[in-house]
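Structure first, commentary second.
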Amino acid sequence: MTLRIGTSGIPRSSARPGTDHGIRRARELGLQCLEMAWVNGIKMGDEAADRIARAARENDLALTAHAPYYINLCGAADVVRRSLERLLTTGRLAARCGAESFCFHAGFYQALEPAEARRRVQRALRGLTARLRDEGIAIDVRPELTGKPSQLGSLEELLDWSAEVAGVRPCVDFSHQYARTGGRVNRYEDFMEMLDAIAGRLGPGSLQRLHVHVSGIEYGPLGERRHLPLRRSRFRYRELLRALRDRGISGWVVCESPEMEDDALHLLRVYRRLR
Numbered sequence: 001m002t003l004r005i006g007t008s009g010i011p012r013s014s015a016r017p018g019t020d021h022g023i024r025r026a027r028e029l030g031l032q033c034l035e036m037a038w039v040n041g042i043k044m045g046d047e048a049a050d051r052i053a054r055a056a057r058e059n060d061l062a063l064t065a066h067a068p069y070y071i072n073l074c075g076a077a078d079v080v081r082r083s084l085e086r087l088l089t090t091g092r093l094a095a096r097c098g099a100e101s102f103c104f105h106a107g108f109y110q111a112l113e114p115a116e117a118r119r120r121v122q123r124a125l126r127g128l129t130a131r132l133r134d135e136g137i138a139i140d141v142r143p144e145l146t147g148k149p150s151q152l153g154s155l156e157e158l159l160d161w162s163a164e165v166a167g168v169r170p171c172v173d174f175s176h177q178y179a180r181t182g183g184r185v186n187r188y189e190d191f192m193e194m195l196d197a198i199a200g201r202l203g204p205g206s207l208q209r210l211h212v213h214v215s216g217i218e219y220g221p222l223g224e225r226r227h228l229p230l231r232r233s234r235f236r237y238r239e240l241l242r243a244l245r246d247r248g249i250s251g252w253v254v255c256e257s258p259e260m261e262d263d264a265l266h267l268l269r270v271y272r273r274l275r
């Protein structure tokens, strides 16, 4: 497996709507992966998923998916139940499309003690992965590293859940880590330390199927505010790419910049020029 770089969502320059057309446009541009951004809900059936799978195979484009934002695995019982149904739908359709990985935001601490919130998420993840296994669906379930300290999804939490629940792996958003820490994690050495922490807890093989998010980002006292174009942010994406190269990372790098394919192609060019 190699490191594939692509967009979150279909390229803006796609002449026709629809993920299958976006896949073809991404390949025309020279991109290597595409994340199906279902953040506002999933509006497709099996027939559309089959078209997407066919387009991805024909164009050798790797797929991942992002589940809807409306997820909270440590909320009230009915909230957790609806969240799990959304995640199950995401996993089923993403796998049918040919995706190997899907990510999501696990939830908010709210009034819960952090340890209790983490336990609730872990319990929900066990149920989710068991349901997917029972249905014969093979896809990585990936809680995402989130951009605000009020959200569940620190690197340590992701590693704990991944170590404890079979089928769970982290989605590592390095830009979110930068925002979550008030800009402190932003050097080559910091990125290498994160990668070493992942390998140390989950084994070196975890770096060969890494699901990564990258974007320019603005942050404030409460963490992430908004995504920015890469070159309008102080996030040191070049140093991140060098760390990924030096650690021999394989997997998917999904560019979540508002500039979409322009910034994804910029990342690809920078990565290829590394020596």
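Residue numbering for the sequence shown follows the working numbering, starting at 1 and increasing by one per position. Even for Gly, the Cβ is constructed at its ideal location relative to N, Cα and C.
Beta-carbon separation (whole angstroms), residue i vs residue j, contact threshold 8 Å
{"i": "valine 283", "j": "serine 13", "result": "Not covered by the structure: residue 283. The range shown for the chain is 1 to 275."}
{"i": "arginine 187", "j": "glutamate 239", "result": "6 Å"}
{"i": "tyrosine 271", "j": "leucine 241", "result": "5 Å"}
{"i": "leucine 84", "j": "alanine 67", "result": "Contact doesn't hold; Cβ gap of about 11 Å is too wide."}
{"i": "glutamine 177", "j": "leucine 155", "result": "7 Å"}
{"i": "leucine 244", "j": "tyrosine 237", "result": "Contact flag wrong, Cβ pair sits at about 10 Å."}
{"i": "alanine 124", "j": "valine 79", "result": "That pair is no contact at about 10 Å."}
Residues near residue i in its chain [Cβ-Cβ closer than 7 Å; skip 5 each side]
{"i": "alanine 65", "result": "Glu35, Met36, Trp38, Thr90, Ala94, Ala99 and Phe102"}
{"i": "arginine 201", "result": "Leu159 and Ala163"}
{"i": "arginine 120", "result": "Leu73 and Cys74"}
{"i": "arginine 232", "result": "Gly216"}
Residue i, buried or exposed, once every other Cβ within 10 Å from all chains shown has been counted against 16
{"i": "proline 143", "result": "buried"}
{"i": "asparagine 72", "result": "buried"}
{"i": "glutamine 110", "result": "exposed"}
{"i": "methionine 260", "result": "buried"}
{"i": "aspartate 190", "result": "buried"}
{"i": "glutamate 135", "result": "exposed"}
{"i": "aspartate 46", "result": "exposed"}
{"i": "alanine 77", "result": "exposed"}
{"i": "glycine 6", "result": "buried"}
{"i": "arginine 118", "result": "buried"}
{"i": "glycine 248", "result": "exposed"}
Contact check, residue i vs residue j, beta carbons under 8 Å
{"i": "leucine 222", "j": "serine 175", "result": "no"}
{"i": "proline 170", "j": "leucine 152", "result": "no"}
{"i": "leucine 195", "j": "aspartate 173", "result": "no"}
{"i": "glutamine 208", "j": "valine 165", "result": "no"}
{"i": "alanine 62", "j": "isoleucine 23", "result": "no"}
{"i": "proline 11", "j": "arginine 27", "result": "no"}
{"i": "cysteine 33", "j": "arginine 4", "result": "yes"}
{"i": "glycine 183", "j": "threonine 129", "result": "no"}
{"i": "leucine 265", "j": "glycine 30", "result": "yes"}
{"i": "serine 250", "j": "threonine 2", "result": "yes"}
{"i": "threonine 19", "j": "isoleucine 42", "result": "no"}
{"i": "glycine 147", "j": "alanine 179", "result": "yes"}
{"i": "isoleucine 137", "j": "arginine 92", "result": "yes"}
Per DSSP, cross-strand counterpart(s) of residue i
{"i": "isoleucine 217", "result": "His227"}
{"i": "threonine 7", "result": "Leu34 and Cys255"}
{"i": "cysteine 97", "result": "Bridge partners of cysteine 97: none, in fact."}
{"i": "phenylalanine 102", "result": "Ala65 and Val141"}
{"i": "phenylalanine 291", "result": "Within the shown structure, residues of the chain are numbered from 1 to 275, placing residue 291 beyond reach of any answer."}
{"i": "aspartate 173", "result": "His213"}
{"i": "valine 168", "result": "Val141"}
Cβ-heavy atom distance, residue i to the ligand PLP, below 7 Å
{"i": "tryptophan 38", "result": "For the structure depicted, the ligand PLP is absent and the ligand set is empty, with no information on it obtainable."}
Beta-carbon contacts of residue i that lie in its chain and below 6 Å, excluding the five residues immediately before and after
{"i": "arginine 96", "result": "Ala49"}
{"i": "glutamate 256", "result": "Ser8, His213, Ser215 and His227"}
Chain D within 8 Å of residue i, Cβ atoms only
{"i": "asparagine 72", "result": "Structure shown: chain D not included; a single protein chain is present."}
Cβ-based neighbour list, residue i, same chain, cut-off 8 Å, excluding 5 preceding and 5 following
{"i": "tyrosine 69", "result": "Val39, Asn40 and His105"}
{"i": "proline 17", "result": "Ile10"}
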